[in-house]
Amino acid sequence: MTEPLKPTMLRFDSIDSTNLEAMRQARAGAQEGLCIVAREQTAGRGRLDRSWLSPRDAGLYLSIVLRPQLKLNVWPLVTLMGALAVSDALRHLYGLSTDIKWPNDVCVGDRKLCGILAETFETEAGSVCVLGIGINLLKAALPPELEALATSIESAAQAVPDAEALLQALLRRLALRYEQLQETDGAPSVLRDWTAVSSYAFGKIVHVVAGAEVFAGVTCGLEDDGALRVEIANGEIKVVRAGDVRSVRSKR
Ligand code: BT5
């Protein structure tokens, strides 16, 4: 039996990145459950050295230190269970029905409302996964150039969200999903739930950029470690572990 996740909060007015602070704290020995929250980030991080725009009080920016009791091959599922927890909280609080774009975007329609960045590393006290979550609360989170691609709770739910209520609801859902992941058969059960709510799981026509490889195909489920399976024109199945996947419309 693993211990339930009990978050302890460390709050900042302004910080470079909640993920970086969580990594610093974990290297200094922070226990599982330490949660860094900031009102703004001056160097919010996305995947692949991209940035996450994090203006003051316009989004929820948090990172949580996890020390999962899991085989290393299923650690990538932490990203998927994080997206499920965000979807659960948004449905519960605002009645929002969301999609999950593989691997880490929670979207309303085609627009990104939340990005997730899980970073894994070693510390003296064992392996750590820092799970970072950025959710756009207000329209003010987004500059004009992102308006076509992204959204906020204010736009999607037509309500100004209470950041603290969202934080508390999200932490509760995260604790539940994290428990689910660590149960016996937790990995297949998280994969099943993810597959049930993501339009990207099956039959999505996608364009994939994975390192130097670029191809198009149709999605056909996830591998045990959460990698996306994409069938290309000759029937071959490509397995995407890292990269960008975007939906493209059929030419028919
Ligand atoms: C992500 O990367 O989506 C992961 C974002 C994780 C952010 C959280 S905030 C708390 C924690 N601390 C951190 O430093 N990070 C985490 P990726 O899939 O690479 O998407 C990044 C791309 O999304 C950028 O290149 C922009 O195009 C777009 N983007 C940037 N800021 C955005 C925003 N606020 N809302 C929607 N899209 C945004």
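The sequence shown begins at 357 in this note's numbering and counts up one residue at a time. For every residue, glycine included, the Cβ atom is placed at its ideal position computed from N, Cα and C.
Around Y417, the same chain offers T374, A394, Q397, S410 and G490 as residues with beta carbons nearer than 6 Å, after the five sequence neighbours per side are excluded.
For R395, the uninterrupted beta strand (DSSP E) segment begins and ends at L390 to Q397. L433 has its Cβ no nearer than 7 Å to any heavy atom of the ligand BT5. Per DSSP, reduced to three states, the secondary structure at I509 is helical.
Counting only residues of its own chain and dropping the five nearest sequence neighbours on each side, Y556 has a CB closer than 8 Å to the CB of D455, I456, K457, W458, V562, T575, L584, V601 and S603. The three-state reading of DSSP puts V601 in strand, counting E and B together. In this structure the region 424-436 touches the region 467-487; the number of beta carbon pairs closer than 8 Å is three or more. Taken through DSSP and simplified to helix, strand or coil, S545 comes out as helix. Distances from the alpha-carbon of G577 to those of L547, A598, D466 and C391 put L547 closest.
Nearest C-alpha to W550 among L505, A525, V565 and V442: V442.
Nearest C-alpha to A568 among L526, G542, V596 and C463: V596.
The Cβ-Cβ distance between R403 and N460 falls below 8 Å.
Under the 10 Å beta carbon count, D580 is surrounded by fewer than 16 other beta carbons and is classified as exposed. Where G438 is concerned, the enclosing alpha helix (DSSP H) starts and stops at L433 to Y450. Counting the other Cβ atoms within 10 Å of the Cβ of V516 gives fewer than 16, which makes it exposed. Under the criterion of beta carbons closer than 8 Å, C391 and L366 qualify as touching, at roughly 7 Å.
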